[in-house]
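K.L.:
Quick note: the sequence shown, position 54, residue 54 per full-length UniProt numbering, numbers continuous. All C-beta atoms, glycine included, are put in the ideal place defined by N, C-alpha and C.
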Amino acid sequence: MFKSIKEKRDNLISNQKIINQILQEDQEFNSSSYASVFVLGRSSNGITEWIACKQIPDLSNLLLKSKDLNKNTLYKIYKNRRNDKDKKIIAFCKKVDEQKFVVLKNSNIEMIEANHFKTKLPQIHNFRKEYIKDGFIVDYKFLKDVEFKTLSSASAFVLGRSSNNNIDWKSNNKKQ
1 MFKSIKEKRD
11 NLISNQKIIN
21 QILQEDQEFN
31 SSSYASVFVL
41 GRSSNGITEW
51 IACKQIPDLS
61 NLLLKSKDLN
71 KNTLYKIYKN
81 RRNDKDKKII
91 AFCKKVDEQK
101 FVVLKNSNIE
111 MIEANHFKTK
121 LPQIHNFRKE
131 YIKDGFIVDY
141 KFLKDVEFKT
151 LSSASAFVLG
161 RSSNNNIDWK
171 SNNKKQ
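1. To which residues of the same chain is Lys118 closer than 8 Å at the C-beta, ignoring the five residues directly before and after it?
2. Once DSSP output is grouped into helix, strand and coil, what is the label at Glu147?
3. Using the Cβ count rule (16 or more neighbours within 10 Å means buried), how would you classify Ser36?
4. With respect to the alpha helix (DSSP H) encompassing Leu12, which residues constitute its N-terminal and C-terminal limits?
5. Can you tell which of Glu28, Arg42, Asp139 and Leu12 has its C-alpha closest to the C-alpha of Lys106?
6. Thinking just about the alpha-carbon of each residue, which of Met111, Phe136, Asp145 and Asp134 is nearest to the one in Ala156?
7. Just to confirm my understanding: we take Phe29, look at its own chain, exclude 5 residues before and 5 after, and list those with CB closer than 6 Å. What are they?
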């Protein structure tokens, strides 16, 4: 038995059971939380992470398609606003290539920035101020597509705070 999830993952990688971050065979776990920690690589509540689905997609050709997985991947943020939990921030971002992510027109942003944002992420803070001042963002919405070099900078811009893109963005190539 493995002492840790990391040890199990490392063993699967060294035995070619995970190739290009794709499992090559089914894995069994004692709990949904343990399975989600394994998949996400972070602490997790399996009950909230997993969503029931009616059928399991055929993933048999996924390795062959893995070179094209990131091409035009669409990401989504769906979060509560800081000042009004009844309203949502809904934003979409398209991966065009390795260093080009485009947040799409009509995506929402969080207008209230976190206290640390101005000092920890001054470039993104200034970029937001400039876009709002120039009228490219009105009523919490992008009026045009906006390009970023990283997915993290795109999510930090949208959320007005530091961001872990692996948590904040949901991908059309991952579970929703």
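P.N.:
In this structure, then:
1. Spatial neighbours of Lys118 in its own chain (CB-CB distance under 8 Å, excluding positions within 5 residues in sequence) are listed in chain order as His125.
2. Correct three-state label for Glu147: strand.
3. Label assigned to Ser36: buried.
4. Residues Ile5 to Ser14.
5. Residue identity differs from the one stated: residue 106 is Asn in this sequence, not Lys. Measuring from the Cα of Asn106, the nearest candidate turns out to be Asp139.
6. Nearest of Met111, Phe136, Asp145 and Asp134 to Ala156, Cα basis: Met111.
7. Apart from sequence neighbours up to five positions away, the residues of its chain that approach Phe29 with a beta-carbon distance below 6 Å are Ala35, ordered along the chain.
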